[in-house]
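> Once you've had a glance at the structure underneath, I'll fire off some questions.
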Amino acid sequence: VKEQFNWDDYLKETESIAAPLHCFRQSRIPPTNDFKVGMKLEARDPRNVTSVCIATVIGITGARLRLRLDGSDNKNDFWRLVDSSDIQPIGTCEKKGGMLQPPLGFQMNASSWPMFLLRTLNGAEMAPAAFFKKEPPKPVPNCFKVGMKLEAIDRKNPYLICPATIGDVKGDEVFVTFDGWRGAFDYWCRCDSRDIFPVGWCSLTGDALQPPGNNVSITKSSAKIQSSPSKVTRRSMQSPQKSAPVPAPRGRKPGRGKPPGQSAV
Ligand code: MLZ
1 VKEQFNWDDY LKETESIAAP LHCFRQSRIP PTNDFKVGMK LEARDPRNVT SVCIATVIGI
61 TGARLRLRLD GSDNKNDFWR LVDSSDIQPI GTCEKKGGML QPPLGFQMNA SSWPMFLLRT
121 LNGAEMAPAA FFKKEPPKPV PNCFKVGMKL EAIDRKNPYL ICPATIGDVK GDEVFVTFDG
181 WRGAFDYWCR CDSRDIFPVG WCSLTGDALQ PPGNNVSITK SSAKIQSSPS KVTRRSMQSP
241 QKSAPVPAPR GRKPGRGKPP GQSAV
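Right, here's the structure in full:
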């Protein structure tokens, strides 16, 4: 039987603390997700953020929606919280005097957009306004500290939420490091990013929190190498990544990782 990841045990094993709730731009109780697959809404185009497009709910995962822009392909799905300011009910854009735009990479000729728009909305099930929740206020100031644990979206695999550690703090930004993954997925983000969640978030939303990877860096935030095969080590054997011979210390030297402002690819 596969061992379940358990934050209480993990925090003890790693001798670390969870980042306090008030550090995050997340509601204390995750918003309810009333959306249904197939519903349509307006969404900011993640690849062209000045555009508001029509999106369809392709999947439901915890407090998030898997969205696909109408007229786009199936390779650019994205995920948004139901209380994200990037989504709104159909009609909002027009009410504000804006125009719905074709998504970046619209699959048809641009001149066919007006007709496409009419057709895609005709008979569509529009998500009711009450399903959209108000975005929580920004927490100020940045109260994250190096070593604090959290749950974070893996931006390379954005359907995944994974155990993470604050690796560095600079101004309004934090360096999110993924436990057991040797830096391959780490990124800088603003402390009020909607991509980071307090410990326990997934268990409240019903999301499946990914277990940490199998590298040594899942101990403390500072360098500390697991000597005996602990629960942590055994649990993480399932993960595919192989350890390099010399483990890199977890604690980041100043200047390591991407500086704030640069996008995490
Ligand atoms: N199996 C994939 C996903 C890894 C997810 C890591 N998340 C921090 C891979 O190995 O690339």
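Residue 53 in this note's numbering is what sits at position 53 of the sequence shown, and the numbering runs on without skipping anything. Note that beta-carbon positions come from the ideal geometry of N, C-alpha and C, so glycine has one too.
1) Three or more beta-carbon pairs under 8 Å between the segment 33–48 and the segment 79–87, yes or no?
2) Cβ-heavy atom distance between Leu270 and the ligand MLZ below 8 Å?
3) Is there at least one non-hydrogen atom of the ligand MLZ closer than 8 Å to the beta-carbon of Gly62?
4) So, for Gly291: in the same chain, excluding its five sequence neighbours on each side, which residues have a beta-carbon less than 7 Å away from its beta-carbon?
5) What is the DSSP secondary structure of Leu204, counted as helix, strand or coil?
6) Identify, in the order they occur along the chain, each residue of the same chain with its Cβ nearer than 8 Å to the Cβ of Met237, setting aside the five sequence neighbours on each side.
7) Check whether the Cβ of Cys189 sits closer than 8 Å to any heavy atom of the ligand MLZ, and report yes or no.
8) Taking the alpha carbon of Glu267 as the point to measure from, which residue in Ser72, Asn48 and Ala55 has its own alpha carbon closest?
9) Could you tell me the alpha carbon to alpha carbon distance between Gly183 and Asp192, rounded to whole angstroms?
10) To the nearest angstrom, how far is the alpha carbon of Leu209 from that of Pro163?
11) Hey, is Trp201 close to the ligand ATP, as in C-beta under 8 Å from one of its heavy atoms?
12) Excluding five sequence neighbours on each side, which residues of the same chain lie with their C-beta closer than 8 Å to the C-beta of Tyr159?
13) Using C-beta distances below 7 Å, list every residue in its chain close to Gly38, excluding the 5 sequence neighbours before and after it, in chain order.
14) For the alpha helix (DSSP H) containing Tyr10, list its first residue and its last residue.
15) In terms of residues, what are the limits of the beta strand (DSSP E) holding Glu94?
16) 9 Å is my cut-off, CB to CB: does Lys40 come that close to chain D?
17) From Ile29 to Ala130, what distance separates their C-alpha atoms?
18) Less than 9 Å separating the beta-carbons of Gly147 and Ser27?
19) Who are Pro139's beta bridge partners in DSSP?
According to the structure shown:
1) As far as the Cβ criterion goes, the segment 33–48 touches the segment 79–87, which means the pair count is three or higher.
2) The requested residue 270 does not occur in the structure, where the chain is confined to residues 1 to 265.
3) Residue 62 sits at position 62 when you count from the first residue of the sequence shown. Look at Gly62: its beta carbon is at least 8 Å from all of the heavy atoms in the ligand MLZ.
4) Lying outside 1 to 265, the shown extent of the chain, residue 291 is not represented and no answer is given.
5) Taking the first residue of the sequence shown as position 1, residue 204 is located at position 204. Helix at Leu204.
6) In the sequence shown, the residue the question calls residue 237 occupies position 237. The predicted position of Met237 is uncertain, since its pLDDT is 35 and thus under 50; a value taken from the coordinates is nonetheless stated next. These residues qualify, in order along the chain: Asn214.
7) Here the question's residue 189 lines up with position 189 in the sequence shown. For the ligand MLZ, not one heavy atom lies less than 8 Å from the Cβ of Cys189.
8) The chain is shown only over 1 to 265; residue 267 falls outside these bounds and no answer can be derived.
9) Locating residue 183 in the sequence shown gives position 183, counting from the first residue. Locating residue 192 in the sequence shown gives position 192, counting from the first residue. Roughly 22 Å separates the two Cα atoms.
10) Along the sequence shown, read from residue 1 onward, the residue named residue 209 stands at position 209. Along the sequence shown, read from residue 1 onward, the residue named residue 163 stands at position 163. Roughly 7 Å between the two C-alpha positions.
11) As for the ligand ATP, it is missing from this structure, which binds only the ligand MLZ.
12) In the sequence shown, residue 159 corresponds to position 159, counting from 1. Here the set comprises Thr61, Arg66 and Trp79.
13) Numbered from its first residue, the sequence shown carries residue 38 at position 38. Answer for Gly38: Thr56, Val57 and Glu125, listed in chain order.
14) What you label residue 10 is simply residue 10 of the sequence shown in a count that begins at 1. Counting along the chain, the alpha helix (DSSP H) containing Tyr10 begins and ends at Trp7 to Glu13.
15) Sequence index remark: in the sequence shown, residue 94 carries index 94 (1-based). According to the DSSP assignment, Glu94 belongs to no beta strand (DSSP E) but to the alpha helix (DSSP H) extending over Thr92 to Lys95.
16) Chain labels in this structure do not include chain D; a single protein chain is all it has.
17) For the purposes of this step, residue 29 is identified with residue 29 of the sequence shown, where counting begins at 1. For the purposes of this step, residue 130 is identified with residue 130 of the sequence shown, where counting begins at 1. Their backbone Cα atoms lie some 17 Å apart in a straight line.
18) For the purposes of this step, residue 147 is taken as the residue at position 147 of the sequence shown. For the purposes of this step, residue 27 is taken as the residue at position 27 of the sequence shown. Not a contact, by the Cβ cut-off of 9 Å.
19) For the purposes of this step, residue 139 is taken as the residue at position 139 of the sequence shown. DSSP output for Pro139 lists no bridge partner at all.
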